[in-house]
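Q:
Number of protein chains: 2
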Amino acid sequence: MPAAFSVEPRLSATAEEEAYRHLQRALRLGRYKPGDRLIPEEIAAEIGMSRMPVREAFRRLASDGLVVLRPNRGCVVAGLTVDELYEIFEIRSVLEGLAVRLAMPRIDEEALEEFENLLDRMERAGQSGSSDWVIRHQEFHGRICALSRRPKLIHQVSALHVVIEPYMRIWFDDADKPLSAREEHAAVIAALRSGDARHAEEVMQDHILGTAPMLAEFVSASR
Amino acid sequence: MPAAFSVEPRLSATAEEEAYRHLQRALRLGRYKPGDRLIPEEIAAEIGMSRMPVREAFRRLASDGLVVLRPNRGCVVAGLTVDELYEIFEIRSVLEGLAVRLAMPRIDEEALEEFENLLDRMERAGQSGSSDWVIRHQEFHGRICALSRRPKLIHQVSALHVVIEPYMRIWFDDADKPLSAREEHAAVIAALRSGDARHAEEVMQDHILGTAPMLAEFVSASR
DNA sequence: AAAAGTATTTTTGTATCCACGTATCATAAA
DNA sequence: TTTATGATACGTGGATACAAAAATACTTTT
């Protein structure tokens, strides 16, 4: 018998990378709740490595704002206050607004068609629960941002989407599913079609700031 | 977490924290050049600790964009292309614009006086070389941001100032010192005095986007 | 019951070892 | 001279064991 059951080969990713992905995924899905303690040894055992790469992953997650690392008191899952949630939407509004403005020169018929397809997919995914919808929603916003061709901007926006993801899920699952979502996003596409970069920026800002209160209100009620 | 003009109190000094501060400071001052390799052992010896906390500090610095960490190839000092420098100024423009808009309700005569004092100090610091001027400049922008009372926004803006700091120093030292700086910043104060939040936001955006080409052009010439 | 002191647990940092990927450089082949 | 090839040195990533420091829990005493 060949070495079929020898030691699992670490293919491309480092252990730290694996720990980071593992934890980020769990946190995005809401598997841990705010305030939960993350014990390096446990996590390490869970994914079959030592605590060292896990601790390094903690640092990155802390930079992303997904966990809080307090000296000598370990790692706890970060939660967002309503104010913080609001703040993130404020930041998103200007960043994604900027992205739309910068993307405008590259918006052509093809791109617009893609966005409408994504909108349809988002709609359909909405039937089957929060998980798919949230992903499609991120995809919609992400594709628009991508056309700005600004790597750092894209990255920052993406990071913000990750942080609010658990709350989007709760919102989508427990509240009535965002009814206005389709029209809101259709309005963004319409603004993109107009060709007016400043106008599209404004519409995107309004869209994002408009959804913030609904989500914030709901989240504050559900605790 | 970068802390150019952060308000966070220093809790306790872990070794990782010390390594992070040490390296961030060195990178901000331009003690290392883009592409330089940072060898954990060396740095660890330099500040009297082992490799581990240094490596953890690397992760944070990488999240901040100050270094690049490639698997099995260690840690190298990040450099910004002209495009990236531009991008950061674009992001700064909307973030600091937002900060000004949100700060407006808290702008009173006292605040305006403080800003004018800071402007004077910046001017005076300009005589004595880049080091003081850059710090004062960050302080000026930082104090305005602080009035927005948005911790995450403040933090992100601060992080961006850290990343561009070495380039600001080069610019200030080697180019003619930014002559228009005083008027530019005075214009921002004037806009704040007007009480019109949207107008002030726009002035701040223009100020930031206006300085970008000068710096970018100079940096691209000096390599 | 409150305070003080002691023990225990947890976190953090150190030291050491090893496997593996990368880079360097000399040598061989084209 | 250029291009492959291969040996070798080096650094990184990771594991493990251990020590120290801080926080927490637990007594004991007043």
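The listed protein sequences correspond, in order, to chains A and B. Residue numbering for the first sequence is 100 to 322, as defined by our numbering. Residue numbering for the second sequence is 100 to 322, as defined by our numbering. Beta carbons are placed, not taken as given, at the ideal position from N, Cα and C, and that holds for glycine.
What first and last residue would you give for the beta strand (DSSP E) that runs through glycine 309(B)?
A: Where glycine 309(B) is concerned, there is no enclosing beta strand (DSSP E), although the alpha helix (DSSP H) it sits in stretches over 296-320.
Q: Among the residues of its own chain, which have a CB less than 6 Å from the CB of phenylalanine 317(A), if the five just before and after it don't count?
A: If we look at phenylalanine 317(A) and ignore the five residues flanking it on each side, its Cβ neighbours are Trp270 and Ala274.
Q: Can you have a look at threonine 180(A) and say buried or exposed, based on whether 16 or more other CB atoms are within 10 angstroms of its CB?
A: exposed
Q: Residues of chain A with a CB under 8 Å from the CB of leucine 97(B): which are they?
A: Residue 97(B) is absent from the structure shown; chain B starts at 100 and stops at 322.
Q: Express the C-alpha separation of alanine 114(A) and alanine 156(B) in angstroms, rounding to a whole number.
A: 17 Å
Q: Considering Cα atoms alone, identify which of His284(B), Leu252(B) and Pro170(B) is closest to leucine 201(B).
A: Leu252(B)
Q: Residues of the region 242-263 of chain A with a CB closer than 8 Å to any CB of chain B: list them in chain order, please.
A: Arg249, Pro250, Lys251, Leu252 and Gln255
Q: Going by beta carbon distance, what residues of the same chain come within less than 6 Å of alanine 198(A), once the five residues before and after it are set aside?
A: If we look at alanine 198(A) and ignore the five residues flanking it on each side, its Cβ neighbours are Cys244, Ser247 and Leu252.
Q: Ends of the alpha helix (DSSP H) at arginine 268(A)?
A: 250-273
Q: I want to verify the contact list: residues of chain A whose CB lies under 7 Å from the CB of leucine 291(B), in sequence order.
A: Residues of chain A whose Cβ lies closer than 7 Å to the Cβ of leucine 291(B) do not exist; the shortest such Cβ separation is about 18 Å.
Q: I'd like to know whether the C-beta of serine 327(B) is nearer than 7 Å to at least one C-beta of chain A.
A: Here chain B has residues from 100 to 322 only, and residue 327(B) is not among them.
Q: Within the region 130-166 of chain B, note down every full beta strand (DSSP E) run reaching 3 residues or more, in order along the chain.
A: none
Q: For glycine 196(B), report the span of its alpha helix (DSSP H) as first-last.
A: 181-202 is the extent of the alpha helix (DSSP H) around glycine 196(B).
Q: Could you check where the beta strand (DSSP E) with glycine 173(A) kicks off and where it finishes?
A: 173-176
Q: Glutamate 186(B) touches chain A at which residues, Cβ-Cβ below 7 Å?
A: Neighbours of glutamate 186(B) on chain A, chain order: Arg249, Lys251 and Leu252.
Q: Using the three-state DSSP reduction, which class does leucine 122(B) fall into: helix, strand or coil?
A: helix
Q: Can you tell me where the alpha helix (DSSP H) holding alanine 290(A) begins and where it ends?
A: 280-293
Q: With aspartate 219(B) as the anchor, note down where its alpha helix (DSSP H) starts and where it stops.
A: 208-224
Q: For alanine 112(B), which of helix, strand or coil comes out of DSSP?
A: coil
Q: Use the C-beta contact count for isoleucine 263(B): other C-beta atoms within 10 angstroms, 16 or more gives buried, fewer gives exposed.
A: buried
Q: Cα separation between methionine 267(A) and lysine 132(A)?
A: 14 Å
Q: Does the distance from the C-beta atom of valine 175(B) to that of arginine 124(B) stay below 7 Å?
A: no
Q: Nearest CA to the CA of proline 139(A): which residue from Gly129(A), Leu122(A) and Leu128(A)?
A: Leu122(A)
Q: Counting only beta-carbon atoms, is threonine 113(A) nearer than 7 Å to chain B?
A: yes
Q: Just how far apart, CA to CA, sit proline 312(B) and arginine 191(B)?
A: 14 Å
Q: List the whole-angstrom C-beta distance separating alanine 112(A) from methionine 148(A), where the pair is believed to meet the contact cut-off of C-beta under 8 Å.
A: Not really, about 11 Å apart at Cβ, beyond 8 Å.
Q: What's the C-alpha gap between serine 162(B) and glutamine 304(B)?
A: Whole-angstrom Cα-Cα distance: 26 Å.
Q: For the putative contact between valine 193(A) and glycine 196(B), defined by C-beta atoms under 8 Å, what is the C-beta separation to the nearest angstrom?
A: 7 Å
Q: Tell me which same chain residues have a C-beta within less than 6 Å of the C-beta of glycine 178(B), skipping the five on either side of it?
A: Pro133
Q: If you count every other CB in all the chains shown that lies within 10 Å of the CB of leucine 314(B), and 16 or more means buried, which is it?
A: With 16 or more Cβ atoms within 10 Å of its Cβ, leucine 314(B) is classed as buried.
Q: Does proline 170(A) get closer than 7 Å to chain B when you measure Cβ to Cβ?
A: yes
Q: Does the Cβ-Cβ distance between tryptophan 232(B) and glycine 241(B) come in under 7 Å?
A: no
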